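Residue numbers (our numbering), protein chains in the order written: chain A, 1 to 626; chain B, 627 to 829.
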């Protein structure tokens, strides 16, 4: 790590240029170490914009001077950056601080600071802080306006000698400092990096503290001839009252430093609340007494020419005030772009997260689509199954009706047999044709009767699909009663049908409605039989009453019996049966069939015993074919 | 077959009109004398309880079914022979019917060459049954004195010995004997004994 550090061209140059200074420092440190054994340590914070090493180089002569002039104490140097300085002051770790005017004002607003002295710079006097907007000498940029919508480099958004003063400068010129440059690369400390970026052509211009270019040139880090400092606009006249001094545009300020912006007071030393007043007085005396040719003031690095009484920081305060009144609100896209630049890892993570989310979204969408297709398929299969189930139930009805049907068919069949025997006998007796034809007519009648029975049965189990036909509801009910007639006879149950005046036919699923009525009648018969075997005394007679009532919009059919009644009242549910051989599907399927025709089916108990099924069918409904 | 039997009535009771009519027609063509009823109750109101004959019953009828009707006939002591016809044969019903005295039990549709001999058989049985019933009726009208004389007559005693044994006049025995012969419709003592024997079978 360390070797890597020293292999850097900057450090190599520093080492080569400053070897004598190092030696002097080394001796001085030895000396200080001897003194510190007996003296009280006084911590002094020093702002170190160019890093700790350079700060020590720059300030050690001053500290040496102070230690020489003031007995009994030992001043120790603490190089700090902007943030650490503020923290150290807040935590009262420091007795004195040396900082730039920007931070001096900022800290002065928050903490109790007494200004002791300000630096005096060779050729610049009390004001030597400002910004230089540096471009390459051979570039086409000659005024600030030439840099409109170009990228520049800067140290930090908070750097006073640098970005802030430039922003303030542009602001006073009536420009929007935020939108003026296409982008500002904040490179952070050390400030030297901005000029390297400019040299390498990454940016078109760099805003740096005044004198940095000249210092780096002197230190051999850069060739100063390759660069140029742009002049601030000549229309802007600094107010004398504010203590601002305007240098010659783009010209060397005294000791070869060029500035773009107005110049602000130099670095100052201040006593914190923790510092001793007496000591402050002695420091002030010592610094003011420092001869301008002393090694501390003659340091080639910061061109300091001794100290003077504290200079007003009003101009700096005003600058901050202006900027506070007009906060630096950047356009959203710039903020986002800057954030993205500085948080590349996060941005990448977010981007991948976003991509993942998008992919997930599409995956979900795909799954959703598949599910929907499956759902549709399932629904159609379900409908198909429902049809099959209904059909199965119809077949099961036919099964239940089997005995009944067999008997019913037997009647005409045996009649046919008898008539046929008669015909044979009469033929044998050679009776005339007029004795035979009537018998054959009887045979035909009986055959018709057989046909009708079979047809009724067939219509009940015909097809699983639903089809709507204009139907005579009462004829349909009569037909269903025929189907169960035998069971009624056998169980001695009476079925009474009270018809109503129905003007027109209804659109009905005929097969379905037959199934419904046969189901209802079968249930009623079962209930009556059950009641007879369980509870009835001699006088009981099963009765089924079918009433048809014509209403405004619908036809109401009520089937009432005097059987056992219901165990489960209300809405029919599947597989809920009280019968030993029942599927528990009759009522459920009947309900489905009725509801499919927009009708309703309700079932409830009837007093004293028995149940009542109310079936309402809409009157004018021509179902659209699906 | 004897014409006497053939003259006997054959009743048909079936709630199905076609079944009634067709069966009736077929049997008439075979020279039976049929009467068809579609309602059991109506039949009960109209038949002759003492006359011989045959009734063909449909076992499943509303209101009054075949079994119930058969029961009523037995209660009324009718000599009618019963033939059951059923739409859907079930064994327990057949067994019960035959146990309660039905002559035959057929499943519909029944063939004529099976049904007709069965009817003839039934008519014959009914005739016998009617005869027994008539004897029984005659026997029930006898006075105790007549019964005593009858028993002695059958074991072969003459009028005089009967009069001696019963301590009555011979003339009295002769009067009772004539009454007995008339009640049993017998011309000779042998005829009387034959009928009494027949009567004893049923008792």
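Just so you know, even glycine gets a beta-carbon here, dropped at the ideal spot from N, CA and C.
Being a predicted model, the structure only gives us computed values, none of them experimental.
So residue i is in the alpha helix (DSSP H); what residue range does that whole segment cover?
{"i": "residue 40 of chain A", "result": "Not the alpha helix (DSSP H): residue 40 of chain A falls in the beta strand (DSSP E), residues 40–47."}
{"i": "residue 370 of chain A", "result": "344–400"}
{"i": "residue 88 of chain A", "result": "82–90"}
{"i": "residue 442 of chain A", "result": "433–461"}
{"i": "residue 165 of chain A", "result": "165–172"}
{"i": "residue 797 of chain B", "result": "796–809"}
{"i": "residue 784 of chain B", "result": "Careful: residue 784 of chain B lies outside any alpha helix (DSSP H) and carries neither H nor E."}
{"i": "residue 550 of chain A", "result": "Here residue 550 of chain A belongs to no alpha helix (DSSP H); instead the beta strand (DSSP E) covers 543–550."}
Would you say residue i faces chain A, with C-beta separation under 7 Å as the test?
{"i": "residue 651 of chain B", "result": "yes"}
{"i": "residue 713 of chain B", "result": "yes"}
{"i": "residue 810 of chain B", "result": "no"}
{"i": "residue 801 of chain B", "result": "no"}
{"i": "residue 636 of chain B", "result": "no"}
{"i": "residue 684 of chain B", "result": "no"}
{"i": "residue 655 of chain B", "result": "yes"}
{"i": "residue 718 of chain B", "result": "no"}
{"i": "residue 734 of chain B", "result": "yes"}
{"i": "residue 648 of chain B", "result": "yes"}
{"i": "residue 665 of chain B", "result": "no"}
{"i": "residue 723 of chain B", "result": "no"}
Using only CA atoms, which one of the options lies nearest to residue i?
{"i": "residue 809 of chain B", "options": "B:703, B:695, B:763", "result": "B:763"}
{"i": "residue 315 of chain A", "options": "A:265, A:417, A:401", "result": "A:265"}
{"i": "residue 181 of chain A", "options": "A:212, A:149, A:164", "result": "A:149"}
{"i": "residue 704 of chain B", "options": "B:770, B:786, B:751", "result": "B:751"}
{"i": "residue 519 of chain A", "options": "A:500, A:541, A:399", "result": "A:399"}
{"i": "residue 100 of chain A", "options": "A:516, A:281, A:268, A:408", "result": "A:268"}
{"i": "residue 284 of chain A", "options": "A:414, A:467, A:70, A:174", "result": "A:70"}
{"i": "residue 311 of chain A", "options": "A:212, A:120, A:93", "result": "A:120"}
{"i": "residue 710 of chain B", "options": "B:647, B:686, B:702, B:749", "result": "B:686"}
{"i": "residue 659 of chain B", "options": "B:638, B:668, B:665", "result": "B:638"}
{"i": "residue 131 of chain A", "options": "A:545, A:174, A:208", "result": "A:208"}
{"i": "residue 319 of chain A", "options": "A:611, A:263, A:614", "result": "A:263"}
{"i": "residue 63 of chain A", "options": "A:55, A:77, A:54", "result": "A:77"}
{"i": "residue 409 of chain A", "options": "B:681, B:788, B:779, B:735", "result": "B:735"}
Less than 6 Å between the CB of residue i and some heavy atom of the ligand FAD, yes or no?
{"i": "residue 692 of chain B", "result": "This structure lacks the ligand FAD, and indeed carries no ligand of any kind."}
Taking CB distances under 7 Å as the criterion, tell me whether residue i reaches chain B.
{"i": "residue 562 of chain A", "result": "no"}
{"i": "residue 419 of chain A", "result": "yes"}
{"i": "residue 425 of chain A", "result": "yes"}
{"i": "residue 490 of chain A", "result": "yes"}
{"i": "residue 532 of chain A", "result": "no"}
{"i": "residue 626 of chain A", "result": "Confidence is the limiting factor: at residue 626 of chain A the pLDDT is only 39, short of 50, which leaves the residue's position unreliable and the question unanswerable from this model."}
With a threshold of 7 Å between beta-carbons, can residue i be considered close to chain C, or not?
{"i": "residue 645 of chain B", "result": "No chain C appears in this structure, whose protein chains are A and B."}
Taking the Cβ atom as the reference point for each residue, do residue i and residue j lie within a distance shorter than 7 Å?
{"i": "residue 708 of chain B", "j": "residue 728 of chain B", "result": "yes"}
{"i": "residue 89 of chain A", "j": "residue 40 of chain A", "result": "no"}
{"i": "residue 347 of chain A", "j": "residue 112 of chain A", "result": "no"}
{"i": "residue 411 of chain A", "j": "residue 756 of chain B", "result": "no"}
{"i": "residue 560 of chain A", "j": "residue 531 of chain A", "result": "no"}
{"i": "residue 618 of chain A", "j": "residue 590 of chain A", "result": "no"}
{"i": "residue 286 of chain A", "j": "residue 66 of chain A", "result": "yes"}
{"i": "residue 190 of chain A", "j": "residue 275 of chain A", "result": "no"}
{"i": "residue 521 of chain A", "j": "residue 484 of chain A", "result": "yes"}
{"i": "residue 799 of chain B", "j": "residue 813 of chain B", "result": "no"}
{"i": "residue 317 of chain A", "j": "residue 105 of chain A", "result": "yes"}
{"i": "residue 600 of chain A", "j": "residue 612 of chain A", "result": "no"}
{"i": "residue 495 of chain A", "j": "residue 488 of chain A", "result": "yes"}
From the DSSP output, in three-state form, read off residue i for me.
{"i": "residue 467 of chain A", "result": "coil"}
{"i": "residue 180 of chain A", "result": "helix"}
{"i": "residue 316 of chain A", "result": "helix"}
{"i": "residue 690 of chain B", "result": "coil"}
{"i": "residue 751 of chain B", "result": "helix"}
{"i": "residue 590 of chain A", "result": "helix"}
{"i": "residue 677 of chain A", "result": "Residue 677 of chain A falls outside the range modelled here, since chain A spans only 1 to 626, and no answer is possible."}
{"i": "residue 685 of chain B", "result": "coil"}
{"i": "residue 74 of chain A", "result": "strand"}
{"i": "residue 306 of chain A", "result": "strand"}
Locate the beta strand (DSSP E) running through residue i, then write down its first and last residues.
{"i": "residue 150 of chain A", "result": "From DSSP, residue 150 of chain A is part of no beta strand (DSSP E); its letter is neither H nor E."}
{"i": "residue 121 of chain A", "result": "114–121"}
{"i": "residue 111 of chain A", "result": "Run containing residue 111 of chain A: none; DSSP gives neither H nor E here."}
{"i": "residue 62 of chain A", "result": "Segment 52–69 is the alpha helix (DSSP H) holding residue 62 of chain A; no beta strand (DSSP E) there."}
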